[in-house]
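Take a look at the structure below.
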Amino acid sequence: MDAISIALMLFGVLELSNVLVLYLAPGSKRGNSVGFFDAYEKSKSDPEIHALVTYLVNWVAGTKLIFIVLLIGIIITGNAATKVFSIIALIFSILTFFSRLYPGIRSMDQAGQITPHGYSRTLGIMIVCFVVFFFIALVVYLVAS
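Anchor point for the sequence shown: position 62 equals 476 in this note's numbering, and the numbering is continuous, going up by one each time.
Written out as structure tokens, the structure reads:
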């Protein structure tokens with residue numbers, strides 16, 4: 415099995431664990447669930463707001479599930495060019511986290527709305543690690559080819 419397929423498979427497993435947490439225990443503080451956000455618990459006091467939050471959490475989980483299934487298809491049937499493009503697409507799309515999501519979670523963290531404090535930094539480091547991991551897999555694949 416090639417480096418890109420291994421990287422895609424590991425990412426798929428990680429994302430599947432996130433999907434399971436989002437669907438089965440959205441208030442937990444495991445994976446990338448929403449329990450880190452203090453506002454999640456607060457939303458429960460307003461049924462209308464909590465319904466929206468629940469809908470959005472399930473929407474994110476469903477979208478992640480779509481990507482997981484697509485990754486499985488790419489791993490099983492994708493040719494070399496498809497796999498290379500897929501890993502480049504993952505690198506690019508994951509990097510967009512820093513343009514929109516990271517500033518928001520960092521602001522919430524600084525305002526004391528995230529528990530534990532500093533989670534935004536941990537998440538940022540984790541995202542950088544994903545990108546580096548995918549880049550290394552891409553380089554290993556290209557050198558081995």
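Even glycine gets a Cβ: it sits at the ideal position worked out from N, Cα and C.
Predicted model only: the values in this text are computed from it and were never measured.
- Relative to the Cα of Y533, the nearest Cα in the group R444, D416, I501 belongs to R444.
- For Q524, the uninterrupted alpha helix (DSSP H) segment begins and ends at 515–524.
- Around the beta carbon of I482, a 10 Å sphere encloses 16 or more other beta carbons of the protein chains shown; the residue is thus reported as buried.
- I519 sits close to L537, with the two beta carbons spaced by under 8 Å.
- If you look at K456, you'll find it in the alpha helix (DSSP H) that goes 452–457.
- A contact between stretches requires three or more CB pairs, one per stretch, nearer than 8 Å, and the stretch 471–489 fails this requirement with the stretch 509–528.
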